[in-house]
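Heads up, the thing below is written out as structure tokens.
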Amino acid sequence: MSGEGDIPQAIRKLAPGKLVIASHNKGKVREIAALLEGRGLDVVSAAELDLPEPAETGTTFFANAELKARAAADLSGYPALADDSGLCVDALGGDPGVYTADWAETPTGRDWNLAMQKVEDAVQAKGLDVSRAAHFVSVLALAWPDGHVEWFEGRADGTLVWPPRGTVGFGYDPVFQPLGHDQTYAELPHETKNAISHRNAAFKLMEAAVF
-10 MSGEGDIPQA IRKLAPGKLV IASHNKGKVR EIAALLEGRG LDVVSAAELD
40 LPEPAETGTT FFANAELKAR AAADLSGYPA LADDSGLCVD ALGGDPGVYT
90 ADWAETPTGR DWNLAMQKVE DAVQAKGLDV SRAAHFVSVL ALAWPDGHVE
140 WFEGRADGTL VWPPRGTVGF GYDPVFQPLG HDQTYAELPH ETKNAISHRN
190 AAFKLMEAAV F
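Under this note's numbering, think of the first position of the sequence shown as -10, with each following residue one higher.
Here you go:
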């Protein structure tokens, strides 16, 4: 297992060929595919292969990333890369965290506007002087059909803003302003966000290890 800041020691390299991105989230697939460009990989998403979405029953980012990667690798017969990521708010003790997507769940699907409002309401309930510090975490799990798995963790620190700003990103991007920037993730061009994101931080560790 490799954490942010570590020099990862990979047991196995990823050979050129087909790689499944184990996600049905179009925004996440787009970001991961962009990071993988130029690696000689034939990238395909779980949705394109009509693979089912496994229940995310893990209680950590590592566990959920692994179960998604393993499921896609087992069903497709190809290596699979999964991301489990979330918004962690200091004032909320790290919530929504691993349950980031759950805060968006409704009977008819995920409503990210509702999720952002829930976070804002919970922070405001803590008082006017409460910290608005937050960070995004991304754990990438790379699994092979024979069961071998590598993990890589990245983080991006920032501040919660309200009201939401921007339309470029997805999920909680409109309320997260990364440190060193005056725009939210959802206001930044894709290329800029990709270069500074939590997912990119995890990818850099994976890149050093498996390519």
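Glycine included, C-beta positions come from ideal geometry on N, C-alpha and C.
In the three-state reduction of the DSSP assignment, ILE185 falls in the helix class. GLU94 counts as exposed, since fewer than 16 other C-beta atoms from the protein chains shown sit within 10 angstroms of its C-beta. Under the three-state reduction of DSSP, ARG59 is assigned to helix. An exposed status is given to ASP91, since fewer than 16 other beta-carbon atoms sit within 10 Å of its beta-carbon.
Secondary structure at GLN172: coil, using DSSP grouped into helix, strand and coil. The C-beta distance from ILE10 to ALA35 rounds to 7 angstroms, short enough to fall under 8 angstroms. For PRO5, DSSP assigns no beta-bridge partner whatsoever. Restricting attention to VAL164, GLY155, GLY82, HIS170, the CA atom closest to the CA of LYS115 is found in GLY82. With a cut-off of 8 angstroms on Cβ pairs, the segment 95 to 102 is not in contact with the segment 125 to 135, counting fewer than three such pairs.
Per DSSP, LEU38 is not a residue of any beta strand (DSSP E), being assigned neither H nor E.
Spanning the alpha carbons of LEU177 and GLY29 requires a straight line of approximately 28 angstroms. Relative to GLY169, the option among GLY160, GLY158, LYS182 whose CA is nearest is LYS182. In the DSSP assignment, SER127 is bridged to SER74, GLY143.
Cβ contact annotation for GLY66 (same chain, cutoff 7 angstroms, sequence separation greater than five): PRO134, in chain order. Under the criterion of beta carbons closer than 8 angstroms, PHE200 and LEU3 qualify as touching, at roughly 6 angstroms.
GLU20: member of the alpha helix (DSSP H) spanning 15 to 24, first to last residue.
Between GLY147 and PRO167, the beta carbon gap of about 4 angstroms places them in contact (Cβ cut-off 8 angstroms).
For a cut-off of 8 angstroms, the C-beta gap from LEU25 to VAL32 is around 6 angstroms, short enough to register as a contact. With 16 or more other Cβ atoms from the protein chains shown falling within 10 Å of its own Cβ, LEU149 counts as buried.
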